[in-house]
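End of the sequence shown = 332 in this note's numbering, gap-free, step of one.
Every residue, glycine too, gets a C-beta built ideally from N, C-alpha and C.
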Amino acid sequence: MEIFDCIAAVARPIHDFGDEFMSDEATATIGLRAGFAPGRGFYCRGRFGVLGEAPASVVQAVQGFLGPHLVTAGWVAGRPVMPAKEAAACYAQAVRTWGRANIPTDVDVEHFNHLAQQLIDAADTDALPLFAGWRAQPCPGNDPIGAAMQRIHVLREHRGACHLAAVRLCGLSAQAAMVINLGVEQATHYGWQEPHAVAATQVPRRQRAEQLTDEMQAPLYATLTDRQRTELAQLINALTASLPCPDSAVDALTDDHGPREGGSGWSPGPMCPVSKGS
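1) I'd like the list of long-range same chain contacts for GLY72, defined as Cβ closer than 6 Å, with 5 residues on each side in sequence excluded.
2) Cα-Cα, which of ARG94, ARG101, VAL130, VAL104 is closest to ALA110?
3) Note down, one range per segment and in chain order, each alpha helix (DSSP H) of at least 4 residues found wholly within the segment 128–170.
4) Do LEU169 and GLN282 have their C-beta atoms closer together than 7 Å?
5) With a threshold of 8 Å, are at least 3 pairs of Cβ atoms found where one atom belongs to the segment 249–268 and the other to the segment 132–148?
6) Determine the DSSP secondary structure at TRP188, reduced to helix, strand or coil.
7) Identify whether MET55 lies in helix, strand or coil by the three-state DSSP scheme.
8) Look at the Cβ atom of THR179, then the Cβ atom of ALA186, and state whether they are nearer than 7 Å.
9) Of the residues ASP59, GLN261, ALA228, which one's Cα is nearest the Cα of HIS250?
10) Count the CB pairs spanning the segment 191–202 and the segment 147–166 that are closer than 8 Å, and state whether there are at least three.
Laid out in structure tokens, this is it:
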């Protein structure tokens, strides 16, 4: 399998499988048991805890696609519960727990872990702090299925970080990219307050950002052989087999940008378009 064919084959299932974890009530339950109140605290404090005890404005700058008020509220709400490093470890544990419950037991996770780690190790972390933080997060060697899910999460963070960088490089703000993809009304579900419509002339920039995201990921996939890329795509398809079939009504609204994400039982909207981008 060629490099860009492999990227195209794995980007969406990696994104969507991670999204299912973030939006699952089982994830919410782990957050509640850890002491987080219902809402966005576990999601924000856990996912972004790898950044350390950063100000909310810094967390917002790093993650990009969710509105400032949403991120600030979640980050601040989670702060009294536990330190950032501890929250990130708790979130990583939740990732692995969810993986054990949702990854089929007959998948060759050992081979997937080998290939995925090769990609992760090959990545350049410059300007990708959220990915760098998750790559540094310990991944137990005695839990291959949980480790596979954590590596899916890390690969998801890599593409998301690349996509944010690509969007900015193409002259779009994160908010503009969300509006182009989702429309003004749906963008509000992601925490953007009173977002404005974006001129049609800006749409090609979004399309270029998607291409650039693929190009930024290409060096990782170039470390695999053609055969290994085919195997990786097959393994990811098998790992994520529990994903629900795409809804045609949602797909009709889907573009290449705008994460469909939730956390700790929170979902940003009733109809949240999927994306392979971020």
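In this structure, then:
1) Here the set comprises HIS207, ARG210.
2) Out of ARG94, ARG101, VAL130, VAL104, VAL130 has the C-alpha closest to the C-alpha of ALA110.
3) Fully enclosed alpha helix (DSSP H) runs of 4 or longer: 138–156.
4) Yes, the Cβ-Cβ distance between LEU169 and GLN282 is below 7 Å.
5) The segment 249–268 makes no contact with the segment 132–148; the number of CB pairs closer than 8 Å stays below 3.
6) Helix, per DSSP.
7) Coil, per DSSP.
8) In contact: THR179 and ALA186 (Cβ atoms closer than 7 Å).
9) Ranking ASP59, GLN261, ALA228 by CA distance to the CA of HIS250 puts ALA228 first.
10) In the pairwise beta carbon analysis, the segment 191–202 is classified as touching the segment 147–166: at least three pairs are separated by under 8 Å.
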